[in-house]
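Counting in the numbering used here, the sequence shown runs from -10 upward without gaps. Note that beta-carbon positions come from the ideal geometry of N, C-alpha and C, so glycine has one too. Predicted, not measured: the structure shown is a model, and the values here were computed from it.
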Amino acid sequence: MFSDARSIASGSVLEADICVIGAGAAGITLCREFIGRREKIILLEGGGTEFSVSLKALPSIFRRHVLEEQALAGGNNTGEAYYPLRFTRVRSFGGSSLAWQGHGLQARPLDAVDFEARDTLPLHGWPFSRGDLDPYYRRAQTICNLGPYAYGAEAWENGGHGHRLPLDRSVVASEVVQFGRKSSFDRYQNELSSSNNVDVIVHATAVELSGKTGGVEHVACATLEGNHFNVRAGTVILAAGGIENARLLLVSKAANPRGLGNEHDLVGRYFMEHLDVEAGFLLPSETFDRKLPAFYLRQNGGDSYDFQAMLRLSDEVIVREGLLNSVMRIRPTYPSAMRPALRSARVIRRAVHFGVPVPGLLGHAARIAAGARDVVSHQLDKRRGRRADILRIDVMAEQAPNPESRVRLGRKRDRLGLPVTELDWRWTEQDLYSLRRTLEIFAEAFRQSGLGTLETMLNPGAPAPAVFGNWHHLGTTRMHRDPAKGVVDEHCQVHGVPNLFLAGSSVFPTGGYANPTLTIVALALRLADRLKSGSYAPSAAP
-10 MFSDARSIAS GSVLEADICV IGAGAAGITL CREFIGRREK IILLEGGGTE
40 FSVSLKALPS IFRRHVLEEQ ALAGGNNTGE AYYPLRFTRV RSFGGSSLAW
90 QGHGLQARPL DAVDFEARDT LPLHGWPFSR GDLDPYYRRA QTICNLGPYA
140 YGAEAWENGG HGHRLPLDRS VVASEVVQFG RKSSFDRYQN ELSSSNNVDV
190 IVHATAVELS GKTGGVEHVA CATLEGNHFN VRAGTVILAA GGIENARLLL
240 VSKAANPRGL GNEHDLVGRY FMEHLDVEAG FLLPSETFDR KLPAFYLRQN
290 GGDSYDFQAM LRLSDEVIVR EGLLNSVMRI RPTYPSAMRP ALRSARVIRR
340 AVHFGVPVPG LLGHAARIAA GARDVVSHQL DKRRGRRADI LRIDVMAEQA
390 PNPESRVRLG RKRDRLGLPV TELDWRWTEQ DLYSLRRTLE IFAEAFRQSG
440 LGTLETMLNP GAPAPAVFGN WHHLGTTRMH RDPAKGVVDE HCQVHGVPNL
490 FLAGSSVFPT GGYANPTLTI VALALRLADR LKSGSYAPSA AP
């Protein structure tokens, strides 16, 4: 059933067996696993049930961002140029899945190499393998309303959907990404509304986790209308996203002045994103088969999903070279796209659209003005439907875990009295080196195959490229068996807090390049199975 926190009397204490904080992909998945069971579940959602990105709903959007709960998602960026935080996460039932409208859920499991510890990357690896998560990935595939659980290119190639580029497969692998067109998690609203043992309370913001006996005794909640109440539960699961999970732990200081679960000053650290960079252009050779790139363009796969092949280095090459993982997307375009004015136009378009203060915007504007004729020519080519002659290369890449890249509490406070989030996002020379070296290896593979020449914009000594993120907030409560190296253990239980668990991408120790939602859902299913089995116990140091 659904309840509205604004109608709950101040001073009330609600009782539950399990309290889940956050109704996004992780929180909804967890609660669905308990429908019809004996446990009483309360799911707290800090927003309502209405959300739109349509300009037709501009008054509603303005109201949500200025007067209602979406304003509470704001914060300050103090590191690398990043999106306004209130745009990167959604306070509404369904969470950030509601922002997928138009492009759908981009889904793929993490690669096996993403889970492995590596000598050249000392903070890399998970406390279990990809094989351990595979059964949950298969279940997550259905929950996310995707196609078959098949992400290797061979299965799709054999299905008649196209052919891989003739590259050395010991160096370059083709992998498939799926796009769920009907995957937003608000579609589970009716199912939860009909449940007798799950109570979804909307407009309820968790403001503190309290308890001094070694566990969380109650969750303090508030609404913008001014009423305050508590939820007392035997088990608490924090599933509010990579930024809010860290903030709520940091503001919960009843048991520890540094924040709950923060004995080793790890909460909020190791914030990672997926770096998104326009990396270069492939200039095809005269013998290049123009039909080959079709496999690497988005195709319809069925009623609810599309798919697309992308390129990445093989696991063997990644390990041998000591590189971070990344994926290359191919986009047909015109030679004019290589000119400085067009490259700057793409940077400004994205920066202005999403509100990112990219360094050097005045220089980009000057290049556009100087190359206005090139911009017009490029647009005319598109309007006339001229055949695209070259391929633009974009890369989405993993970041190395960095303790200085972090979420902090700021001095300002929001309307509920909580410290506003400060995000100090940092990327390092290791991140950029890995991108450059990856492009060098791709370029050599293209040359040896006779496909053409890869001209990269990431050459050593060149200015740093415009680097964007993807609204993927990873790593701020990272997973590790050792409490001195992670906030949660391998079962997502907070070290030293026996009844508190975290769900979502904040627990990722490393992020690979794959969009995180499929892994978030798989981890939520794994956690739900453990809780249902009753086998969990307090974390202990190794």
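Can you find the residues in the same chain that come closer than 6 Å, C-beta to C-beta, to residue i, ignoring five residues on each side of it along the sequence?
i	result
VAL316	MET299, ARG301, MET385, TYR502
SER1	PHE218
VAL456	LEU264, VAL266
GLU4	ARG221
GLY36	GLU58, ARG80, SER81
ALA283	GLY151
ALA211	THR194, VAL196, HIS217, LEU405
LEU340	In the sequence as presented, Leu is not what sits at residue 340; that position holds Ala. Here the set comprises VAL347.
ILE17	PHE174, TYR177
THR67	GLU411, ASP413
ASP518	none
Using only CA atoms, which one of the options lies nearest to residue i?
i	options	result
ALA355	ALA334, GLN368, ARG372, PHE343	ALA334
ALA(-6)	GLN167, ASN216, GLY64, ARG153	ASN216
SER159	LEU312, LEU424, VAL306	VAL306
SER522	ARG26, ALA434, GLY248, MET(-10)	ARG26
GLY11	PHE(-9), MET(-10), LEU369, LEU33	LEU33
ARG320	LEU286, THR77, LEU87, LEU112	LEU286
GLU387	THR410, PRO498, VAL347, ARG400	PRO498
LEU428	ASN448, GLY406, ASN251	ASN448
GLY204	LYS474, GLY399, ASN245, GLN297	ASN245
TYR200	LEU520, ASP413, ASN488	The residue you asked about is not Tyr; residue 200 is Gly in the sequence shown. Per the Cα distances, ASN488.
ASP420	MET261, LYS474, LEU198	MET261
ASP383	GLY399, ARG436, ASP370, GLY458	GLY458
ILE190	GLN95, ILE31, PRO98	ILE31
ALA268	ILE337, GLY291, GLU252, THR445	THR445
GLU28	PHE40, ALA15, VAL9	VAL9
ARG247	ASP100, LEU398, ASP304, PHE490	LEU398
GLY537	PRO137, GLU233, ALA359	Since the first residue of the chain shown is -10 and the last is 531, residue 537 is not available in this structure.
TRP440	LEU281, ILE(-3), LEU122, ASP121	Looking at the sequence shown, residue 440 is not Trp but Leu. Nearest of LEU281, ILE(-3), LEU122, ASP121 to LEU440, Cα basis: LEU281.
ALA235	MET(-10), VAL364, ASN504, VAL476	VAL476
So, is residue i buried or exposed, given that buried needs 16 or more other C-beta atoms within 10 angstroms?
i	result
HIS342	exposed
ASN289	exposed
PRO454	buried
GLU214	exposed
VAL187	buried
LEU516	buried
PRO348	exposed
THR410	buried
PRO390	buried
LEU110	buried
ALA361	exposed
SER(-1)	exposed
LEU312	buried
ARG402	exposed
LEU520	buried
VAL55	exposed
PRO98	buried
ASN251	buried
ARG436	exposed
ASP108	exposed
Among residues of its own chain, excluding the 5 on either side of residue i, which ones have a beta-carbon nearer than 7 Å to its beta-carbon?
i	result
ASN134	GLY169, LYS171, SER172, SER293
GLN178	THR38, PHE82
ALA129	LEU507, VAL510, ALA511, LEU514
HIS367	TYR323, SER325, ALA326, LEU331
ASP103	ASN314, THR499, GLY501
GLU479	PRO116, PHE117, MET468, ARG470
ASP278	none
Tell me, which residues are paired with residue i by DSSP?
i	result
TYR294	GLY169
ASN31	One point to set straight first is that residue 31 is Ile, not Asn, in the sequence displayed. According to DSSP, which records beta bridges pairwise, ILE31 is partnered with CYS8, ASP188.
ARG402	PRO408
GLY37	SER81
MET468	VAL477
GLN482	PHE490
Apart from the five residues on each side of it in sequence, which residues of its chain come closer than 8 Å, Cβ to Cβ, to residue i?
i	result
SER438	LEU154, PRO155, LEU156, ASP157
GLY230	GLY11, GLY13, ARG78, GLY84, SER85, HIS462, GLY493, SER494, SER495
ASP370	TYR323, SER325
Any heavy atom of the ligand SAM within a distance shorter than 7 Å of the CB on residue i?
i	result
ARG436	Here there are no bound small molecules, and the ligand SAM is not part of this structure.
Next item on the list: Would you check if the stretch 140 to 158 and the stretch 268 to 276 touch, i.e. whether three or more CB-CB distances between them fall below 8 Å?
Entry: When C-beta atoms of the stretch 268 to 276 are compared with those of the stretch 140 to 158, fewer than three pairs fall below 8 Å, so the two segments do not count as touching.
Notebook entry, point to check: How about the stretch 81 to 88 and the stretch 343 to 353: do they share at least three Cβ pairs that are nearer than 8 Å?
Noted result: no
Checklist line | Any 3 or more C-beta pairs closer than 8 Å across the stretch 18 to 30 and the stretch 229 to 246 | finding: no
Check: Counting Cβ pairs, one atom from each stretch, are 3 or more of them under 8 Å apart for the stretch 457 to 466 and the stretch 241 to 260?
Finding: Three or more beta-carbon pairs separated by less than 8 Å link the stretch 457 to 466 to the stretch 241 to 260, which places the two stretches in contact.
Margin query: Assess contact between the stretch 467 to 479 and the stretch 56 to 64, defined as three or more Cβ pairs (one per stretch) separated by less than 8 Å. Is contact present?
Written below: The stretch 467 to 479 is not in contact with the stretch 56 to 64.
Next item on the list: Decide if the stretch 320 to 336 is in contact with the stretch 375 to 391; the criterion is three or more beta carbon pairs, one per stretch, under 8 Å apart.
Entry: yes
Next item on the list: Decide yes or no for the touch test of the stretch 490 to 502 against the stretch 510 to 524: beta carbon pairs closer than 8 Å, at least 3 of them.
Entry: yes
Note to self: With a threshold of 8 Å, are at least 3 pairs of Cβ atoms found where one atom belongs to the stretch 422 to 442 and the other to the stretch 224 to 237?
What the structure shows: no
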